[in-house]
Amino acid sequence: MNYKIILASNSPRRKELLAGLDIPFEVKVISGIDESYPADLDAYQVAEFICKKKAEAYRPLLNGNNSVGELDESETLILTADTVVIAPTAGEQNDQEGKGVILGKPRDAEDARRMLKMLSGKTHHVVTGVCLTTQHKQRSFSVTTEVTFKPLSDDEISYYINHYQPFDKAGAYGIQEWIGYIGCTGLKGSYFNVMGLPVQRIYEELRQI
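Numbering (this note's numbering), first residue to last: 6 to 214.
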């Protein structure tokens with residue numbers, strides 16, 4: 006692994022998770038990246054689509070047109086990521102066939118309340134897309150984790166929103182926070198993926214690229 010790794014994210018959780026791999030990296034952030042996606046795109050492809058879109062915004066750093074900082078373009082690898090929460094449609098559980106409602110970051114407390122009510126008492130999926138980009142190579146993939154919540158009371162939802170302000174989190178929750186401690190009754194797949202990075206898969210991919 007001879008690359009200088011750039012984490013293209015200002016998320017403190019992603020920084021913490023990548024640091025846990027004991028791999029040196031730097032953080033570089035470009036603001037104002039368009040994160041839109043086609044309305045007809047399969048819900049389970051959205052995260053990977055967006056992280057590849059983010060990677061294109063950073064590609065000038067690899068081509069010598071560097072406005073974020075001096076990088077050694079021959080040895081630089083840029084890691085971009087995006088996480089979405091996919092809630093089941095009314096009366097259904099997720100089936101990974103493109104159905105479900107994509108939950109991004111809540112706009113405000115009421116939006117957060119709406120999202121948590123959608124997740125309450127049900128199983129949903131968290132999908133994180135990752136893109137590893139060098140000057141001559143690119144790998145992208147997504148990892149899905151299944152999460153089940155107990156039925157959450159209105160008081161529990163209000164307490165969490167008021168005390169933890171989850172407005173920077175997809176689906177309006179952080180599994181590592183209070184709501185995860187009291188509400189998560191089942192998890193199938195990578196816990197760290199729910200936090201924002203599938204670090205096990207990233208480690209293996211970095212060894213191969």
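Where is the CB? At the ideal position from N, CA and C, for every residue including glycine.
Cβ atoms of residue 156 and residue 191: under 8 Å apart, would you say? no
Reference residue 154; option with closest CA among 22, 84 and 92: 92
Output the distance between the C-alpha atoms of residue 149 and residue 197, rounded to the nearest integer angstrom. When rounded, the distance between both Cα atoms is 11 Å.
Please name the residue, chosen from 147, 29, 57 and 28, that lies closest to residue 38 on a Cα-to-Cα basis. 57
Could you tell me the alpha carbon to alpha carbon distance between residue 89 and residue 7, rounded to whole angstroms? Looking at the two C-alpha atoms, the distance is approximately 31 Å.
Going by DSSP in three states, residue 52 sits in which element: helix, strand or coil? helix
Using 8 Å as the cut-off, can you tell me whether the segment 41 to 55 makes contact with the segment 160 to 171, which would need three or more C-beta pairs spanning the two stretches below that distance? no
With three or more C-beta pairs closer than 8 Å as the rule, is the segment 199 to 208 touching the segment 8 to 27? In this structure the segment 8 to 27 lies against the segment 199 to 208, because at least three pairs of beta carbons, one per stretch, are closer than 8 Å.
On the CB-based measure, 16 or more other CB atoms within 10 Å of its CB, does residue 44 come out buried or exposed? exposed
To the nearest angstrom, report how far apart residue 104 and residue 135 are at their CA atoms. 21 Å
Kindly give me the distance between the Cβ atoms of residue 110 and residue 9, rounded to whole angstroms, as I take these residues to be in contact under 8 Å. With a Cβ gap of about 30 Å, residue 110 and residue 9 do not count as contacting.
Pick from 129, 138, 159 and 80 that is closest to residue 114, judged by C-alpha positions: 159
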